[in-house]
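Peer 1: Numbering (my numbering), first residue to last: 1008 to 1066.
#1: How would you write the range of the beta strand (DSSP E) that residue 1061 sits in, first residue to last?
#2: Residue 1033 by DSSP, collapsed to three states: which one?
#3: Between which two residues does the beta strand (DSSP E) carrying residue 1049 extend?
#4: Buried or exposed for residue 1048, going by 16 or more other Cβ atoms inside 10 Å?
#5: Using the three-state DSSP reduction, which class does residue 1044 fall into: helix, strand or coil?
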């Protein structure tokens, strides 16, 4: 999978139903952080300091 290949972070963006972003990390791949509308998602440790408002993904 992604993590076996060295990927640090995977975003799963659900555009069709829940308007959520699930952020999976290699350090804990079975427990994604879930971000919803109105929240700011990030991609640590892959992209340090980068953030995005979840709402922008669903416009």
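In this text, a Cβ means the ideal position worked out from N, Cα and C, and glycines have one as well.
Peer 2: So, from the listed chains and residues:
#1: Premise fails: residue 1061 is in no beta strand (DSSP E) and is neither H nor E.
#2: coil
#3: 1047 to 1050
#4: buried
#5: coil
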